[in-house]
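Protein sequences, first through last, are from chains U and H.
With our numbering as the guide, the letters of the first sequence map in order to residues 1 to 331.
With our numbering as the guide, the letters of the second sequence map in order to residues 1001 to 1264.
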Amino acid sequence: MAKGIWVFAEHIDGTSLRKATFEILSEARKMADKLGEELCAVIIGHQVEALAERCGHYGAQKVYVVEQELLKSYTTEGYAKALVDLITQHQPSILLGGATVTGKDLFPRVAARLGTGLAVDCTEIKLDGNNQFVVKRPLYAGKAYAEVGFSDATPKMATVRPNVLIPSQPDSSRKAEVIKVAAHVSSADIRTKVLEVVKMAGAKLDLTESEIIISGGRGIKGPENFKILEEMAEVINATVGASRAAVDAGWRPQSDQVGQTGKVVSPNLYIACGISGAIQHFAGMGTSKYIVAINKDPEAVILSKCDYGICDDLFKVVPKLTEELKKLKAE
Amino acid sequence: MNIIACMKQVPDTEAQIRVRPDGLGIVESDIKFVINPYDEYGVEEALRIKEKLGGTVTIVCVGPARAVDAIRTGLAMGADKAVHLDDPAFEGGDTFSTAKALAAAIKGMGGDLIFCGKQAIDDDAATVGSALSELLGIPQVSIVTKVEISEDKKKAKVSRQIVGGEEIIEVPLPCVLTAQKGLNEPRYASLPGIMKAKKKEIKSVKVADLGLNQAEVGAAGAKTKMLKMTSPPTRKAGTMIKGESAEETAPQLAKLLREEAKVL
Chain U
1 MAKGIWVFAE HIDGTSLRKA TFEILSEARK MADKLGEELC AVIIGHQVEA LAERCGHYGA
61 QKVYVVEQEL LKSYTTEGYA KALVDLITQH QPSILLGGAT VTGKDLFPRV AARLGTGLAV
121 DCTEIKLDGN NQFVVKRPLY AGKAYAEVGF SDATPKMATV RPNVLIPSQP DSSRKAEVIK
181 VAAHVSSADI RTKVLEVVKM AGAKLDLTES EIIISGGRGI KGPENFKILE EMAEVINATV
241 GASRAAVDAG WRPQSDQVGQ TGKVVSPNLY IACGISGAIQ HFAGMGTSKY IVAINKDPEA
301 VILSKCDYGI CDDLFKVVPK LTEELKKLKA E
Chain H
1001 MNIIACMKQV PDTEAQIRVR PDGLGIVESD IKFVINPYDE YGVEEALRIK EKLGGTVTIV
1061 CVGPARAVDA IRTGLAMGAD KAVHLDDPAF EGGDTFSTAK ALAAAIKGMG GDLIFCGKQA
1121 IDDDAATVGS ALSELLGIPQ VSIVTKVEIS EDKKKAKVSR QIVGGEEIIE VPLPCVLTAQ
1181 KGLNEPRYAS LPGIMKAKKK EIKSVKVADL GLNQAEVGAA GAKTKMLKMT SPPTRKAGTM
1241 IKGESAEETA PQLAKLLREE AKVL
């Protein structure tokens, strides 16, 4: 019988693990205790053993470190093969991962190969009264939510939205058993070839992983004016996003778009500047813990749905707010 | 080039979503349905490649009778023909059972290139493209923003969005590409296009035509099951910060963020 909860621990260029990994391990630890099953992390890569230790701090009892030079960088087929091989050997009951660019690419391929159920971008993972694994996930970009259950096929798979689950306090006295596994992926298994990786200048953190986001909309009036948002972002360590209107006008790249046809984000603080709050935008940021809106139009929908609103010209408020935040940070 | 564009019909992004009293779906009356925006980028890219290299574009759609409107729009944009998987048995599927039906329909079509949207904006699963490529046994590249077909038409060079940048990937054909916003600007259907579309073939396909049985598709073949649908908690209006000018309001806001919300 399938046993054990596994978490796919995603690394960033082999140097660190994405924080979603720790969020998921923390929550999965509670589930593992309730089920009396083992919690394991799986790291796939090349020379990534050093990353295993921290998984233990968040509750993993075992860490499978699956290594091969061919797995240094992520490829769908290489990672899918390595992961499926390990799952077939050990038969975990549940497999979790982050709903990140990689998780979204890898998990469906693995689920289809194993013929098992997959729920993606979950905002809640839990065991019901009968200890069955159930999840909650947004539909229509958060205009509705679904509670989802699984068939008996295992592992039951889910990806979890970053920034939603709360990581536990890491405990450095907790040690995980590290199990090194040599992967057997051949170059013929990987039919795609990464020719080049182009890094975008200035991109710090992906919007979906940011704890604070400052977004600009139509009210920003032009691409050059995003500078005032960037200045504030610098002070409070935030990431700058944009509404669909700002992206469609060509002021910001598409990767900055927050909303139903952009990124769905859930930061601790979302500051909307010159954004009216159209339903498709709200769908992308409505689960933010705190929403601040700065908009000079008293009729703007967002002012009636935010935690703190200022009905005033953003070009006056934003620079002044930046100044105030600077003072706060200096205290 | 034989190009296939997968399509789903979904509620428009501006639609208000209301959960049905039984909690197992949404109220569909009053909703405007459209081609899933990401699928539309796929259809557009398929048409552009066809216009450059020749070939045919076939739309493949799983959906109820109403989805014909979306298919007709795709045909009016310039797609040559369509396959509509419109058996009620396909309904209520999850990623797995939907991909299974699509794979069975596409298998015999000899597609060189298969486009899907990177996700459908109703269930937001973003999984059918990957699952489809797995079931067809061909490679995939997801979240694609640029596609160039090689001269010998044997491979494609594509750009894929990743965190903080993009990857340029070479992939052999046939393959599945999932389309991201930014790939292109979809055309509007022209009036002659709309007239022509009326005469184009939409082949209706049932479960039995695919050599599958009812237990493998739709809700019966699904590996996940929606137990209950709920509306999100509505956000109540919070504090409006009053003041004569930014000199008064900005310091109040900064203070609230630190002391009340404790997010700074």
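For each residue, glycine too, the CB sits at the ideal point set by N, CA and C.
Interface partners of residue i on chain H, CB under 7 angstroms
i: residue 84 of chain U; result: Ordered by position in chain H, no residue passes the 7 angstroms Cβ test against residue 84 of chain U, which lies about 10 angstroms from the chain.
i: residue 108 of chain U; result: 1095, 1127, 1130, 1131
i: residue 236 of chain U; result: 1264
i: residue 312 of chain U; result: 1246, 1249
Contacts of residue i in chain U (Cβ-Cβ under 8 angstroms)
i: residue 1011 of chain H; result: 140
i: residue 1258 of chain H; result: 328
i: residue 1121 of chain H; result: 140, 141, 260, 261
C-alpha gap between residue i and residue j, whole angstroms
i: residue 1228 of chain H; j: residue 1043 of chain H; result: 33 angstroms
i: residue 1075 of chain H; j: residue 1006 of chain H; result: 13 angstroms
i: residue 123 of chain U; j: residue 1064 of chain H; result: 29 angstroms
i: residue 1140 of chain H; j: residue 214 of chain U; result: 34 angstroms
i: residue 249 of chain U; j: residue 1210 of chain H; result: 45 angstroms
i: residue 282 of chain U; j: residue 244 of chain U; result: 11 angstroms
i: residue 239 of chain U; j: residue 303 of chain U; result: 22 angstroms
i: residue 325 of chain U; j: residue 189 of chain U; result: 52 angstroms
i: residue 256 of chain U; j: residue 1208 of chain H; result: 45 angstroms
i: residue 157 of chain U; j: residue 11 of chain U; result: 19 angstroms
i: residue 142 of chain U; j: residue 231 of chain U; result: 30 angstroms
i: residue 1244 of chain H; j: residue 247 of chain U; result: 32 angstroms
i: residue 197 of chain U; j: residue 1160 of chain H; result: 10 angstroms
i: residue 1190 of chain H; j: residue 1077 of chain H; result: 7 angstroms
i: residue 320 of chain U; j: residue 1246 of chain H; result: 7 angstroms
i: residue 285 of chain U; j: residue 291 of chain U; result: 9 angstroms
i: residue 1148 of chain H; j: residue 1156 of chain H; result: 5 angstroms
i: residue 260 of chain U; j: residue 210 of chain U; result: 18 angstroms
i: residue 1079 of chain H; j: residue 275 of chain U; result: 37 angstroms
i: residue 288 of chain U; j: residue 269 of chain U; result: 6 angstroms
i: residue 258 of chain U; j: residue 1 of chain U; result: 43 angstroms
i: residue 1070 of chain H; j: residue 117 of chain U; result: 28 angstroms
i: residue 73 of chain U; j: residue 102 of chain U; result: 11 angstroms
i: residue 1185 of chain H; j: residue 1047 of chain H; result: 12 angstroms
i: residue 1039 of chain H; j: residue 1033 of chain H; result: 13 angstroms
Residue i burial status per 10 Å Cβ neighbour count (16 or more: buried)
i: residue 1066 of chain H; result: exposed
i: residue 195 of chain U; result: exposed
i: residue 1188 of chain H; result: exposed
i: residue 1014 of chain H; result: exposed
i: residue 1011 of chain H; result: buried
i: residue 90 of chain U; result: buried
i: residue 219 of chain U; result: buried
i: residue 166 of chain U; result: exposed
i: residue 1020 of chain H; result: exposed
i: residue 253 of chain U; result: exposed
Neighbouring residues, chain U, relative to residue i (Cβ below 9 angstroms)
i: residue 1270 of chain H; result: Here chain H has residues from 1001 to 1264 only, and residue 1270 of chain H is not among them.
i: residue 1170 of chain H; result: 192, 193, 194, 195
i: residue 1139 of chain H; result: 76, 77, 190, 191, 192
i: residue 1151 of chain H; result: The premise fails here: residue 1151 of chain H is roughly 16 angstroms from chain U at the closest Cβ pair, so nothing lies under 9 angstroms.
i: residue 1099 of chain H; result: 108, 112
Within chain U, partners of residue i - CB distance below 7 angstroms
i: residue 1148 of chain H; result: Within chain U, no residue comes near residue 1148 of chain H; the closest Cβ sits about 11 angstroms away, beyond 7 angstroms.
i: residue 1182 of chain H; result: 254
i: residue 1014 of chain H; result: 279, 280
i: residue 1134 of chain H; result: 109, 112, 113
Contact list for residue i against chain H, beta-carbon separation under 9 angstroms
i: residue 200 of chain U; result: 1164, 1165, 1166
Under 8 angstroms from the C-beta of residue i: neighbouring residues of chain H
i: residue 233 of chain U; result: Correct list: empty, because the minimum Cβ distance to chain H is about 13 angstroms.
Residue i at chain A interface by Cβ criterion, 8 angstroms
i: residue 1124 of chain H; result: Of the protein chains in the structure, U and H, none is chain A.
Subject >> Contact between the stretch 1023-1032 of chain H and the stretch 1051-1060 of chain H (3+ Cβ pairs under 8 angstroms) >> reply: no
Original post:
Just by C-beta distance, which residues in the stretch 1213-1241 of chain H are closer than 9 angstroms to chain U?
Top reply: 1222, 1223, 1224, 1225, 1226, 1227, 1228, 1229, 1230, 1231, 1232, 1234, 1235, 1236, 1237, 1238, 1239, 1240, 1241
**OP:** Please determine if the stretch 303-313 of chain U and the stretch 1253-1262 of chain H are in contact, where contact requires at least 3 C-beta pairs separated by less than 8 angstroms.
**Re:** yes
Subject >> Chain-ordered residues of the stretch 1033-1047 of chain H with a beta carbon less than 9 angstroms from chain U >> reply: 1037, 1038
**OP:** Give a yes or no on contact between the stretch 1117-1124 of chain H and the stretch 1173-1193 of chain H, applying the rule of three or more CB pairs nearer than 8 angstroms.
**Re:** yes
**OP:** Give a yes or no on contact between the stretch 1202-1213 of chain H and the stretch 1072-1089 of chain H, applying the rule of three or more CB pairs nearer than 8 angstroms.
**Re:** yes
Original post:
Between the stretch 45-56 of chain U and the stretch 14-26 of chain U, are three or more C-beta pairs nearer than 8 angstroms?
Top reply: yes
Original post:
Which residues, in order along the stretch 253-282 of chain U, keep a beta-carbon less than 7 angstroms from a beta-carbon of chain H?
Top reply: 254, 255, 260, 261, 268, 269, 279, 280
Subject >> Contacting positions in the stretch 1244-1257 of chain H - beta carbon closer than 9 angstroms to chain U >> reply: 1245, 1246, 1247, 1249, 1250, 1251, 1252, 1253, 1254, 1255, 1256, 1257
Original post:
the stretch 144-160 of chain U: which residues have C-beta closer than 8 angstroms to a C-beta of chain H, in chain order?
Top reply: 144, 145, 146, 147, 148, 149, 150, 151, 153
**OP:** Could you please tell me which residues of the stretch 1016-1029 of chain H, in chain order, have their CB closer than 8 angstroms to any CB of chain U?
**Re:** 1016, 1017, 1019, 1026
**OP:** Anything in the stretch 116-136 of chain U with a Cβ closer than 8 angstroms to a Cβ of chain H? List those residues in chain order, please.
**Re:** 116, 117, 118, 119, 120, 121, 134
Original post:
How about the stretch 1234-1241 of chain H and the stretch 1091-1110 of chain H: do they share at least three Cβ pairs that are nearer than 8 angstroms?
Top reply: no
Subject >> Cβ pair count under 8 angstroms reaching 3, the stretch 1220-1227 of chain H against the stretch 142-154 of chain U >> reply: yes
**OP:** Compile a chain-ordered list of the residues in the stretch 1192-1210 of chain H whose CB is closer than 7 angstroms to at least one CB of chain U.
**Re:** none
**OP:** Flag this pair as touching only if the stretch 1163-1170 of chain H and the stretch 1129-1136 of chain H have three or more C-beta atom pairs under 8 angstroms; answer yes or no.
**Re:** no
Original post:
How about the stretch 176-187 of chain U and the stretch 118-136 of chain U: do they share at least three Cβ pairs that are nearer than 8 angstroms?
Top reply: no
Original post:
Do three or more CB pairs link the stretch 168-176 of chain U to the stretch 55-71 of chain U at distances below 8 angstroms?
Top reply: yes
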